[in-house]
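Here's the structure, in structure tokens; my notes come after.
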Amino acid sequence: MSAERGIVADVTGLLVGRGAELARLVRVLESAGAGTAGVALVGGDAGIGKTRLVTELVAQARDRGFQVLVGQCAELGDALPYLPLADA
């Protein structure tokens, strides 16, 4: 799924109250750009802004020349192994 058709491209607006979290994710992104492998997990309750936070990170990654792939998890009960990776 391309980001143009996915949920990441559909969310716009100001990112409010997530500056510290975004800064941590950007540090992981910068490390990746310098050749250091890393993983970041964004989790939490529904409606707290996870998608918006990741949308901002995706925009910054693209601005820095990263190729961004987007995948989505299935709703609970429909889980297939590695679905987000296969989706991307």
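Residues 0 to 87 in numbering that gives the first Met the number 0 are what the sequence shown spells out, letter by letter.
Ideal Cβ positions, reconstructed from N, Cα and C, are used throughout, including at glycine.
Under the three-state reduction of DSSP, which class applies to residue i: helix, strand or coil?
i     : result
Arg63 : coil
Thr50 : helix
Val41 : coil
If I follow the unbroken alpha helix (DSSP H) through residue i, where does it start and stop?
i     : result
Val27 : Gly18 to Gly32
Ala85 : Leu82 to Asp86
With a Cβ-Cβ cutoff of 9 Å, do residue i and residue j count as a contact?
i     : j     : result
Leu52 : Glu20 : yes
Val41 : Leu24 : yes
Gly48 : Arg17 : yes
Gly37 : Val27 : yes
Asp86 : Gln71 : yes
In or out: residue i buried (at least 16 other Cβ within 10 Å) or exposed?
i     : result
Thr35 : exposed
Leu84 : exposed
Val57 : buried
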